[in-house]
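If you count by this note's numbering, then the sequence shown holds residues 23 to 432, one letter each, in order.
Data first, discussion second: the structure below is written as C-alpha cells.
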Amino acid sequence: MLIGKRILLIVTGGIAAYKTPELVRQLIKAGARVRCVMSQGAEQFVTPLSLASVSGDKVYTDLFSLTDEHEMGHINLSRQADVLLVAPATANTLAKMAHGMADNLATTLLLATDKPVLAAPAMNVRMWEHAATQDNVELLKARGVHLIGPDEGDMACGEWGEGRMSEPHAIVQAVVDFFDADAPLKGLRAVVTSGPTHEPIDPVRYIANRSSGKQGHAIAQALHDLGAQVTLVSGPVALPDPVGVTTHHVQTARQMKTAVDAVLPVDIAVCAAAVADWRVDGEAEQKIKKSGTQSPSFSTVQNPDILASLSIPGAARPRLVVGFAAETESVIEHARAKLAKKGCDWICANDVSSSTNTFGGDDNTVHLVTRTGVDDWPRQSKLCVARQLARRIADHMRKQDTSEQPGETA
Ligand code: C5P
C-alpha cells in the first residue's frame with residue numbers, strides 16, 4: 023500500500039499519456055497523494071483538467087508562470103514529494119534527464135530534485151532500441167533512477183516490440199515494491215511525543231511554552247516513511263496530523279503520559295515534546311478574579327516525566343528511547359547529564375536560545391548525544407533532521423537485530 027506516500031507524477035509527451043488519469047486513480051486508491059506536472063507535449067494527449075479532476079489538485083504545466091513560482095517554486099514541488107514518477111517517460115525526456123537538461127518544468131524538477139526517481143519509458147520500439155536511448159537508460163540506472171518497463175506489445179504506430187508503457191496496475195505495483203524495499207522499520211512500532219503541553223491555571227489560563235511541534239511531527243512522518251507503525255501523541259499545535267500516522271491529541275503532561283502508556287509496548291520511543299515540567303497545584307475551578315492590587319500566587323507540582331518512565335529498564339522498555347534536550351547554554355554538557363539522569367539511549371540536543379529561532383522556526387541544529395559519543399549534525403530543516411534521525415534509528419535497529427554489536431546503544 024502507499025498510504026501517506028506523496029508522489030509527484032511527471033507526465034511527458036507520449037501517446038501513453040492517455041493512461042495517466044487511470045494511473046493517478048489507482049495510485050490514489052492505493053493510498054498515495056498525487057500531484058501532477060505535465061510537459062507541453064503531454065498536453066497534446068491528455069488535458070490538465072482531466073489530471074486535476076482525478077488528482078484533486080492543481081496541475082503544474084508552465085515553468086515560467088510567475089504565480090506558480092511565487093506560490094510554490096519548482097524546488098518545493100519536489101521537496102513535498104517522496105518520489106518523482108515519470109510516466110510516460112519519452113525518449114526525449116530520458117535523454118534530457120541523462121544529460122542534465124532543464125528546459126521545461128518537468129526536466130527542471132528532475133534536475134533539481136534529491137528525491138528518488140522512477141520512470142516508465144514509453145516510445146516506439148526503434149527509438150527504445152536505439153543505442154542513444156539504451157546508453158541514456160544505462161546512465162540513468164547507474165545514477166539510481168528506477169526503470170519500470172517498458173513492456174513488449176503492439177505499438178500505437180502499428181509496430182510490435184518493446185517500448186509500450188507498463189500498464190497502470192504494473193506501475194502502481196512497482197511503486198509499492200519500491201517503498202517496500204526501502205522500509206527498514208517495517209514491522210516495528212514507534213511512539214512519538216510532540217508539541218508543548220498546556221497546564222491549566224484556571225478554566226481560561228494555562229502555562230505553556232513556545233514549542234511548535236514541527237520537529238516531533240516531522241519525526242513521526244519520517245519514521246512512518248521508513249515503514250514503522252507510528253503513534254503520535256501531540257500537545258496543542260497548529261499543524262495537520264501526519265498522514266498515515268495514528269495521532270492522539272492531548273493538552274496536559276498527565277494526559278500525554280496516559281496516551282503514551284496506552285500505546286505500549288513499542289520498539290521505538292522518541293520524546294520530542296516540550297512537556298511542561300510543572301503544573302499548578304490545584305487548578306482553580308472558576309476563573310480567578312482580579313482582587314484589588316493583590317496578584318494571585320500559585321504553588322506548582324512536578325509533572326510525570328514521560329521520557330524517564332519509558333527508559334526504566336524492564337521487559338516493557340522500548341528497544342530504543344530517544345529524548346530531546348532544548349538548551350540555551352552548554353548544550354552538550356546538559357544533554358550528557360540528561361542522558362544519564364533520564365536513562366534514555368540517545369538525546370537530540372538543540373540550542374533553543376532566541377537568536378537561533380529554533381523554537382517555532384523551520385530549521386534546527388542537532389547534536390546527537392549517545393552513550394559513546396556526540397555527532398554534530400549541520401543546521402538543516404526540521405524535515406531533514408527528522409529523516410536523518412529516522413535513518414539513524416533504522417541503522418541502529420538493524421544492528422540490534424543482526425547482533426552485529428551486541429548491547430550497542432550508540
Ligand atoms: O527535563 P527536560 O524537560 O529538559 O527533558 C527534555 C526531554 O524529556 C524531552 O525529550 C521531553 O520530551 C522529555 N520530557 C518528558 N516528560 C517531562 C519532561 C520532559 O517526557 N515531564
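Note that the Cβ used here is the ideal one computed from N, Cα and C, for glycine as well.
Any non-hydrogen atom of the ligand C5P closer than 7 angstroms to Asn-158 Cβ:
Every heavy atom of the ligand C5P is 7 angstroms or more from the Cβ of Asn-158, so no.
Note down, in chain order, each residue of its chain lying with its Cβ closer than 6 angstroms to the Cβ of Thr-115, except the 5 sequence neighbours on either side.
The answer, listed in chain order, is Thr-34.
Quick check: what's the CA-CA separation for Val-198 versus Leu-31?
Spanning the two alpha carbons is a distance of roughly 15 angstroms.
Figure out for me which residue from Arg-420, Val-267, Ile-369 has the closest Cα to the Cα of Ala-348.
Shortest Cα-Cα distance from Ala-348 to any of Arg-420, Val-267, Ile-369 involves Ile-369.
Which residue comes first and which comes last in the alpha helix (DSSP H) that contains Gly-238?
The continuous alpha helix (DSSP H) containing Gly-238 extends over residues 236-247.
Can you give the beta carbon distance from Gly-217 to Ala-120, rounded, assuming they're within the 8 angstroms contact cut?
Taking a contact as a CB-CB distance under 8 angstroms, the pair Gly-217 and Ala-120 does not count as one, their CB atoms being some 45 angstroms apart.
Just list the residues that DSSP pairs Ser-256 with in beta bridges.
Note: Ser-256 sits in a beta bridge opposite Ser-216, His-271.
Less than 8 angstroms between the beta carbons of Gly-53 and Leu-24, yes or no?
Yes, the pair counts as a contact, with Cβ atoms nearer than the cut-off.
Inter-residue spacing [alpha-carbon to alpha-carbon] between Glu-174 and Ser-72:
Distance from the CA atom of Glu-174 to the CA atom of Ser-72, rounded to whole angstroms, is 27 angstroms.
Where the alpha helix (DSSP H) through Arg-301 begins and ends
No alpha helix (DSSP H) contains Arg-301, which is instead part of the beta strand (DSSP E) from 300-302.
From the DSSP secondary-structure annotation, give me the bridge partner or partners of Tyr-82.
DSSP, once it has assigned bridges, lists Val-59 as partnering Tyr-82.
If I'm right that Asp-398 touches Ala-306 with Cβ under 8 angstroms, what's the distance once you round it to whole angstroms?
With 8 angstroms as the limit, Asp-398 and Ala-306 do not qualify as a contact, their Cβ atoms being about 46 angstroms apart.
For the ligand C5P, any of its heavy atoms closer than 7 angstroms to the Cβ of Val-297?
Checking the Cβ of Val-297 against the ligand C5P gives yes.
Considering only the beta carbon of each residue, do Val-255 and His-246 sit closer than 8 angstroms?
Val-255 places its beta carbon 8 angstroms or farther from that of His-246.
Would you identify the three-state DSSP class for Leu-88, choosing helix, strand or coil?
With a pLDDT of 46 at Leu-88, under the threshold of 50, the modelled position of that residue is not reliable, and the figure given next carries that caveat. Under the three-state reduction of DSSP, Leu-88 is assigned to helix.
So, Gly-180 versus Pro-143, is the Cβ gap smaller than 8 angstroms?
Contact annotation: Gly-180 and Pro-143 have beta-carbon atoms that are not nearer than 8 angstroms.
For Leu-106 versus Ser-100, is the C-beta spacing smaller than 8 angstroms?
Contact flag set, yes.
Which of the three DSSP states is assigned to His-389 in this structure?
Of the three classes helix, strand and coil, the one that applies to His-389 here is strand, per DSSP.
Reduced DSSP category for Trp-399 - H, G, I as helix; E, B as strand; rest coil
If DSSP states are grouped into helix, strand and coil, Trp-399 belongs with coil.
Across the stretch 308-323 and the stretch 367-382, are there enough close Cβ pairs to call them in contact, namely three or more that are closer than 8 angstroms?
In short, these stretches do not touch, since the Cβ pair count stays below three.
Using only the heavy atoms of the ligand C5P, determine whether one of them is closer than 7 angstroms to the beta carbon of Pro-326.
Indeed, a heavy atom of the ligand C5P lies less than 7 angstroms from the Cβ.
So what's Leu-161 in DSSP terms, helix, strand or just coil?
Leu-161: helix per DSSP, three-state reduction.
Under the rule that 16 or more other beta-carbon atoms within 10 Å means buried, what is Pro-262, buried or exposed?
Classification for Pro-262: exposed.
Determine, using beta-carbon pairs with one atom in the stretch 372-386 and one in the stretch 336-344, whether at least three such pairs fall under 8 angstroms.
Not touching, per the Cβ criterion.
Within 10 Å of its beta-carbon, does Ala-39 have 16 or more other beta-carbons around it, so buried, or fewer, so exposed?
Under this definition Ala-39 is a buried residue.
Assuming contact is defined by CB atoms lying nearer than 8 angstroms, are Glu-184 and Val-139 in contact in what I supplied?
Cβ distance not < 8 angstroms, so Glu-184 and Val-139 don't count as in contact.
Distance, Cα to Cα, Ala-111 vs Ala-141?
The straight-line gap from Cα to Cα measures roughly 6 angstroms.
Rounded C-alpha distance that separates Pro-400 from Gly-314
Those two C-alpha atoms are separated by around 53 angstroms.
Cα-Cα separation, Asp-283 to Ala-196
If you take the alpha carbons of Asp-283 and Ala-196, they lie about 38 angstroms apart.
When you compare only the Cα positions, how much space is there between Phe-67 and Thr-387?
When rounded, the distance between both Cα atoms is 47 angstroms.
Using a Cβ-Cβ cutoff of less than 7 angstroms, which residues in the same chain neighbour Leu-88 once the five nearest sequence positions on both sides are dropped?
Only weak support is given to the placement of Leu-88: the predicted model assigns it a pLDDT of 46, under 50, and the value that follows is read from those uncertain coordinates. Here the set comprises nothing.
Expressed to the nearest angstrom, what Euclidean distance is found between the alpha-carbon atoms of Lys-312 and Lys-279?
Cα-Cα distance, rounded: 33 angstroms.
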